[in-house]
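Visitor: Have a look at this one before I ask anything.
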Amino acid sequence: MSLKILALTAAFAFAAAALAQDKPMHMNQDMPMHMNMQMDMSKPMGDQGPSSQAFAEANAKMHKDMAIEMTGNTDADFVRSMIPHHQGAIEMAKIELQYGKDPDIRKLAEAVIKAQEAEIADMNAWLKAHGK
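Residues -20 to -1, 1 to 112, numbered by mature numbering (1 follows the signal peptide of the UniProt record, and there is no 0), are exactly what the sequence shown covers, in order.
Quick look at the structure:
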């Protein structure tokens, strides 16, 4: 068996084990340290311009903030996860307004901000009303 096939087989086994434990591979404490390292999602792949950097940073923050501790209460976990998801959409829409040029997309970004802010307010009100 070639070294390449052996390495691919080992990687597949680690991934399967992580999935079987319902843990993302980067969160599996049983894996060797070098396999736990995550990519820096705050740096864009491809273009490194200002808008690409801003999108990458907004995306990384959104995903970090969405990594909540699950409670088993589906309703609360959904709402607590969706708030940072919607906030991420707002941040990305603001980047569009800062750098974008297409009037139709800029109008869409403004609508996204308005809708997402309203939904975040609704979700925060639900959390408060339900003691979450």
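The beta carbon of each residue, even a glycine, is placed where N, CA and C say it ideally should be.
Every value quoted in this text rests on a predicted model; they were computed, and no experiment measured them.
Do the CB positions of E90 and A73 come within less than 9 angstroms of each other?
Guide: One-based indexing of the sequence shown puts residue 90 at position 110. One-based indexing of the sequence shown puts residue 73 at position 93. Against a cut-off of 9 angstroms, the Cβ pair of A73 and E90 comes out as a contact.
Visitor: Return the chain-ordered ranges of every alpha helix (DSSP H) run that is complete within the segment 38 to 92 and spans a minimum of 4 residues.
Guide: The segment 38 to 92 contains these whole alpha helix (DSSP H) runs: 54 to 79.
Visitor: Leaving out five residues on either side along the sequence, give the residues of the same chain with a beta carbon under 6 angstroms from the beta carbon of I93.
Guide: Here the question's residue 93 lines up with position 113 in the sequence shown. These residues qualify, in order along the chain: I70 and A73.
Visitor: Under three-state DSSP, which class holds D27?
Guide: Counting from one through the sequence shown, the residue named residue 27 turns up at place 47. In this structure, D27 counts as coil in the three-state DSSP scheme.
Visitor: I'd like to know if A38 contacts chain E, where contact means its C-beta is closer than 9 angstroms to some C-beta of that chain.
Guide: Considering every chain present, this structure includes no chain E. It has just one protein chain.
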